[in-house]
Amino acid sequence: APLEPPIGIAVTMHGVRKVKSSAQIEAERRKERLIKADKYRGLVKQVLALKSKGDKSDAALQVCEIAVSKNPDLYTAWNYRREILTSRFADPACPTAKIQEGCEAELKLLEACVRANPKSYSVWNHRQWVTHTSPMPDWRRELGLCDKFLDLDSRNFHCWDYRRYVVRRASVLDRDELEFTRAKIDQNFSNYSAWHYRSTLLPRVHPALDRPGHNAAGERVLCDEFELVQAACFTEPDDQSAWLYHRWLLGRSLQPLALCLVGQLPRGAALA
Amino acid sequence: MTTPMDAPLPTVTHTELFLEKHAKYLHWFEGAVDELEYCITEHLRVSGVYWTLTAMDLLGELESMDRERIIKFVQGCQHECGGFGGSTSHDPHLLYTLSAVQVLCLYDAVEAVDVEAIVRFVCGLQQEDGSFHGDTFVNEQDTRFTFCAFACLSLLGRLDAVDVQGGVAFVVRCRNFDGGFGCVPGSESHAGQIFCCVGALAIAGAMHHVDVDALGWWLCERQLRSGGLNGRPEKLPDVCYSWWVLSALAIMDRLHWVDGPALQGFILNAQDEETGGIADRPGDVVDPFHTLFGVAGLSLLGWPGLAPVNPIYCLPQRTVERVFSRQAAGAGVGAGAGAGAGTGAGETPAAVPCIPPPASSVGTGSSAPGAGAII
Chain V
1 APLEPPIGIA VTMHGVRKVK SSAQIEAERR KERLIKADKY RGLVKQVLAL
51 KSKGDKSDAA LQVCEIAVSK NPDLYTAWNY RREILTSRFA DPACPTAKIQ
101 EGCEAELKLL EACVRANPKS YSVWNHRQWV THTSPMPDWR RELGLCDKFL
151 DLDSRNFHCW DYRRYVVRRA SVLDRDELEF TRAKIDQNFS NYSAWHYRST
201 LLPRVHPALD RPGHNAAGER VLCDEFELVQ AACFTEPDDQ SAWLYHRWLL
251 GRSLQPLALC LVGQLPRGAA LA
Chain P
1 MTTPMDAPLP TVTHTELFLE KHAKYLHWFE GAVDELEYCI TEHLRVSGVY
51 WTLTAMDLLG ELESMDRERI IKFVQGCQHE CGGFGGSTSH DPHLLYTLSA
101 VQVLCLYDAV EAVDVEAIVR FVCGLQQEDG SFHGDTFVNE QDTRFTFCAF
151 ACLSLLGRLD AVDVQGGVAF VVRCRNFDGG FGCVPGSESH AGQIFCCVGA
201 LAIAGAMHHV DVDALGWWLC ERQLRSGGLN GRPEKLPDVC YSWWVLSALA
251 IMDRLHWVDG PALQGFILNA QDEETGGIAD RPGDVVDPFH TLFGVAGLSL
301 LGWPGLAPVN PIYCLPQRTV ERVFSRQAAG AGVGAGAGAG AGTGAGETPA
351 AVPCIPPPAS SVGTGSSAPG AGAII
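These protein sequences, in sequence, are chains V and P.
Reminder that position 222 of the first sequence reads as 222 in this note's numbering, one-by-one numbering, no gaps.
Reminder that position 96 of the second sequence reads as 96 in this note's numbering, one-by-one numbering, no gaps.
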């Protein structure tokens, strides 16, 4: 069965323009909303009732699915879903293939949920739970999903955080991720999220940056970064990303003071 | 060359705060149990109650709310494990546990629930790396939860029950190149997370981990031409960031680094004169969440007629003072008064700053290191 459409922006409370229309249209819209509200309320009651009875049937999973499709922030429904799946997966009679199948089904549900609400904590958390639980997670696909969602919204921090989780689990090289940030920055200099990620990767890929004193390797890396930042500042002078990153780079190029000599003058003496 | 993202010019501007209309709106919302906006937010109802009550108290209207009914509702949200769900029968979570404690503090009714169980619940969520999970159902760590844990326990006088230094260490690992903080180590700086981290560090008496000048600058750079504040670079301004950015600046004693009058203008324009209530930005639909943070932001800016608000707990200052002086008076029950390193049981924690007097809080942007400073 196709997924129920989500109730949508009403939950997020952000970016909802106040639109005034005729009294008649207002009345119609209000009636529609009251019906939706009543349906949703009934759905939540169902989820909570089944959960309190400890129902672990397919029907319970189905009710949860409809509920989270309407409102992905209904965290209790996600908890309930995990509870049911965990008990099924823990059954010694449950073959690995079945667990894998179950996880794949979850990922499908999640893809639809995340398209409807790409900023729901619950949705990304559940995805992390699924890939953690799955016997054979497809990290390449997960990375691809992150690529796709970052193309849609390059500032989605849920997606960036999920990407870093995938990168860790899949042992993706820092060097490759550094390249990825470069690609994102080249696409759009205003990508603060990419600059930020770069700030964490750069010192890991180039440990020379952290070695005290003059070192050619560290200097070269910094010069390359300064060039990148300059290009960004010229192209988008009003965007603060490059300026903030620039300030951080300046801080990195400070040479620590080296104490050469410490002495004490006798009391009353003065330097000539 | 793109123009910076900002809210469109408002079609209607306001210069007054419609206090009575906002109180009326909040009353209306509370009773609008059949409305879609009400039903769809059932899972966070306890937080909704906290937003509404705090706003009402700042507006001087707390008396008009039904204290007994609300306390009963909050009691009904506590589970055996000690944690509170977002509403009756919803699973326990740290977010709603904090909101529940905040509501009970407002009503001076903390003894209406099982405090020991709350302490056990919160402690049980701390991980080996010092971070806190939000609940026992999913492995989600987030600095929001560190704040929830510290705020909750310090309000109950039981901060000593967790590993504060461990919690601090996790927060420090979430500190970024720009002086800001994110959800987990490696996460981008975000005003909401920054409020949580700065608040947590303040409660723990560990503000030395904050580069107040660097972060103060990043925070005041959230202000746009419209006067509103965004949560991170190249995002739209939003009234809720008026709280998270402002309160963090207040804790860091740099509230005067934003243009107060411009921000006030933005918040006032986000009011809906027709229905009452405040929205995320001018022209949008109002809701209790933004109504609280708009009112709280104005209070921090010294708007006359509003009760002073505490920037760490987002509760009226008088509530916070009552809670901590009560703890000091009832000292000796093995509880520290909340600030990190072993303050005597008789002290109000240094981490609970007083509201700066209005003159210094409504400053102009000229005293801040302007964006041009680094060129």
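For each residue, glycine too, the CB sits at the ideal point set by N, CA and C.
Just so we're clear, the structure is a prediction, and the values are computed from it rather than from any experiment.
- Against chain P, the beta carbon of Val123/V has no neighbour under 7 Å; the closest one sits roughly 11 Å away.
- Taking a contact to require three or more Cβ pairs closer than 8 Å, the region 97-111 of chain P and the region 43-53 of chain P qualify as touching.
- Take Leu125/P, set aside five residues on each side of it, and the residues of its chain with a beta-carbon closer than 8 Å to its own are Leu94, Phe132, His133, Gly134, Asp135, Thr136, Phe145, Ala149, in chain order.
- The three-state reading of DSSP puts Phe324/P in helix, counting H, G and I together.
- Around the beta carbon of His208/P, a 10 Å sphere encloses fewer than 16 other beta carbons of the protein chains shown; the residue is thus reported as exposed.
- At least one C-beta of chain V is nearer than 7 Å to the C-beta of Leu36/P.
- When Cβ-Cβ separations below 7 Å define contact, Thr181/V makes no contact with chain P.
- The region 62-70 of chain P makes no contact with the region 278-286 of chain P; the number of CB pairs closer than 8 Å stays below 3.
- Interface flag for Pro233/P against chain V is set, since a Cβ pair is found closer than 7 Å.
- The alpha-carbon separation between Glu177/V and Val166/V amounts to approximately 12 Å.
- Against chain V, the CB of Phe289/P has a partner CB under 7 Å away; the residue lies at that interface.
- Under the three-pair Cβ rule at 8 Å, the region 281-300 of chain P counts as touching the region 246-258 of chain P.
- Legend: CB atoms of the region 85-112 of chain V lying less than 8 Å from CB atoms of chain P are not found in any residue.
- Note: Arg17/V is bridge-paired with Asp284/P in the DSSP secondary-structure output.
- With its beta carbon less than 7 Å from one in chain P, His14/V belongs to the interface.
- Using a C-beta cut-off of 8 Å, the region 308-328 of chain P makes no contact with the region 259-274 of chain P, since fewer than three inter-stretch Cβ pairs fall below that distance.
- Counting the other Cβ atoms within 10 Å of the Cβ of Val12/P gives fewer than 16, which makes it exposed.
- It is roughly 4 Å from the alpha-carbon of Phe84/P to the alpha-carbon of Gln78/P.
- Within the same chain, Cβ atoms closer than 7 Å to the Cβ of Ala32/P are found at Tyr38, the five residues on either side in sequence being excluded.
- Ser241/V and Thr76/V have their alpha carbons spaced roughly 38 Å apart.
- Take Val114/V, set aside five residues on each side of it, and the residues of its chain with a beta-carbon closer than 6 Å to its own are Val123, in chain order.
- With 16 or more other CB atoms across the displayed protein chains lying within 10 angstroms of its CB, Val286/P is buried.
- The region 203-211 of chain V makes no contact with the region 196-215 of chain P; the number of CB pairs closer than 8 Å stays below 3.
- Scanning its chain for C-beta atoms nearer than 7 Å, with the 5 sequence neighbours on each side dropped, one finds around Met136/V the residues Gln100, in chain order.
- The beta carbons of His14/P and Asn230/P sit no closer together than 7 Å.
- The Cβ of Phe157/V sits closer than 7 Å to at least one Cβ of chain P.
- By the rule that beta-carbons nearer than 7 Å mark a contact, Asp6/P does not touch chain V.
- Rounded to whole angstroms, Phe177/P and Phe189/V show a C-alpha spacing of 18 Å.
- DSSP places Val119/P inside the alpha helix (DSSP H), whose first and last residues are 115-124.
- Bounds of any alpha helix (DSSP H) do not take in Tyr313/P, whose DSSP letter is neither H nor E.
- In this structure, Ala191/P sits away from Val258/P, with a CB-CB distance that is not shorter than 7 Å.
- Between the region 84-92 of chain V and the region 25-43 of chain V there are fewer than three inter-stretch CB-CB distances shorter than 8 Å, so the stretches are not counted as touching.
- In this structure Gly228/P is not in contact with His22/P, their Cβ atoms being roughly 18 Å apart against a cut-off of 8 Å.
- At a Cβ-Cβ threshold of 7 Å, Val68/V and Leu74/V count as neighbours.
- In this structure, DSSP gives Pro92/P an extended state, which the three-state scheme calls strand.
- For Thr76/V, at least one C-beta of chain P is nearer than 7 Å to its own C-beta.
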